[in-house]
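A short write-up of the structure that comes next.
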Amino acid sequence: MQHWYIVYMTRPDIWLKAKEAENEIGHSIKSDMYLDEMEPMFEEMKRNDVPATEHIASAQFWKLAKTHGKQLSFFDELPCECVF
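Numbering (numbering that gives the first Met the number 0), first residue to last: 0 to 83.
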(Lines of atoms letter the chains of each structure in order from A and count residues from 1; the text may use other names and numbers.)
(Lines give C-alpha, C1' and ligand atoms only; values in the text may rest on other atoms or scores of the structure.)
Protein backbone atom coordinates (compact mmCIF):
# COMPACT_ATOMS: atom_id res chain seq x y z
CA MET A 1 0.00 0.00 0.00
CA GLN A 2 2.95 2.31 0.64
CA HIS A 3 4.00 1.88 -2.99
CA TRP A 4 0.54 2.83 -4.24
CA TYR A 5 0.51 5.93 -2.05
CA ILE A 6 3.74 7.01 -3.74
CA VAL A 7 2.26 6.34 -7.18
CA TYR A 8 -0.85 8.32 -6.20
CA MET A 9 1.30 11.26 -5.10
CA THR A 10 4.01 11.28 -7.75
CA ARG A 11 2.52 9.70 -10.89
CA PRO A 12 -1.19 10.50 -11.19
CA ASP A 13 -1.02 9.36 -14.82
CA ILE A 14 -0.02 5.83 -13.78
CA TRP A 15 -2.54 5.90 -10.91
CA LEU A 16 -5.35 6.64 -13.38
CA LYS A 17 -4.17 3.93 -15.79
CA ALA A 18 -4.05 1.40 -12.97
CA LYS A 19 -7.60 2.32 -11.89
CA GLU A 20 -8.75 1.96 -15.50
CA ALA A 21 -7.04 -1.43 -15.70
CA GLU A 22 -8.87 -2.60 -12.56
CA ASN A 23 -12.18 -1.51 -14.08
CA GLU A 24 -11.39 -3.20 -17.37
CA ILE A 25 -10.36 -6.55 -15.88
CA GLY A 26 -12.91 -6.44 -13.06
CA HIS A 27 -10.34 -7.32 -10.43
CA SER A 28 -8.24 -5.35 -7.96
CA ILE A 29 -4.49 -4.99 -8.45
CA LYS A 30 -3.99 -5.29 -4.71
CA SER A 31 -5.61 -8.45 -3.41
CA ASP A 32 -7.71 -6.89 -0.65
CA MET A 33 -8.70 -3.45 -1.94
CA TYR A 34 -9.41 -1.56 -5.15
CA LEU A 35 -7.42 1.59 -5.85
CA ASP A 36 -10.65 3.63 -5.77
CA GLU A 37 -11.09 2.51 -2.17
CA MET A 38 -7.60 3.73 -1.27
CA GLU A 39 -8.11 7.26 -2.60
CA PRO A 40 -9.90 8.75 0.45
CA MET A 41 -7.16 7.41 2.74
CA PHE A 42 -4.39 8.69 0.45
CA GLU A 43 -6.06 12.08 0.12
CA GLU A 44 -6.19 12.40 3.91
CA MET A 45 -2.53 11.39 4.12
CA LYS A 46 -1.71 14.01 1.47
CA ARG A 47 -3.58 16.73 3.40
CA ASN A 48 -1.55 15.80 6.49
CA ASP A 49 1.76 16.02 4.61
CA VAL A 50 2.70 12.35 4.93
CA PRO A 51 5.82 12.03 2.76
CA ALA A 52 5.59 9.86 -0.35
CA THR A 53 8.73 7.76 -0.04
CA GLU A 54 9.91 4.17 -0.15
CA HIS A 55 13.14 5.15 1.61
CA ILE A 56 11.47 4.39 4.94
CA ALA A 57 10.78 0.81 5.99
CA SER A 58 7.08 -0.07 5.82
CA ALA A 59 6.51 -0.29 9.57
CA GLN A 60 8.26 3.03 10.13
CA PHE A 61 6.36 4.64 7.24
CA TRP A 62 2.96 3.69 8.69
CA LYS A 63 4.01 4.71 12.19
CA LEU A 64 5.01 8.08 10.76
CA ALA A 65 1.74 8.32 8.84
CA LYS A 66 -0.21 7.64 12.05
CA THR A 67 1.59 10.34 14.01
CA HIS A 68 2.32 12.91 11.29
CA GLY A 69 0.31 16.08 11.79
CA LYS A 70 -3.00 15.15 13.36
CA GLN A 71 -4.20 11.60 13.95
CA LEU A 72 -5.56 10.25 10.67
CA SER A 73 -9.11 8.99 11.08
CA PHE A 74 -8.83 6.00 8.75
CA PHE A 75 -6.29 4.27 11.01
CA ASP A 76 -9.11 3.43 13.41
CA GLU A 77 -10.46 1.11 10.72
CA LEU A 78 -7.22 -0.56 9.61
CA PRO A 79 -5.74 -3.73 11.04
CA CYS A 80 -2.36 -3.73 12.75
CA GLU A 81 0.82 -2.70 10.90
CA CYS A 82 1.90 -6.31 10.50
CA VAL A 83 -0.42 -6.73 7.49
CA PHE A 84 1.33 -4.05 5.44
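Every residue, glycine too, gets a C-beta built ideally from N, C-alpha and C.
Keep in mind it's a predicted model, so treat the numbers as computed, not measured.
- By the criterion of a C-beta distance shorter than 8 Å, residue 8 is surrounded in its chain by 41, 45 and 51, once the five residues flanking it on both sides are discounted.
- Here residue 32 carries a strand assignment [DSSP, helix/strand/coil].
- Contact between residue 27 and residue 21 holds: CB atoms are separated by about 6 Å, below the 8 Å threshold.
- Residue 57 has its alpha-carbon roughly 14 Å from the corresponding atom of residue 66.
- Rounded to whole angstroms, the Cβ separation of residue 35 and residue 18 is 6 Å, and the two are in contact under 8 Å.
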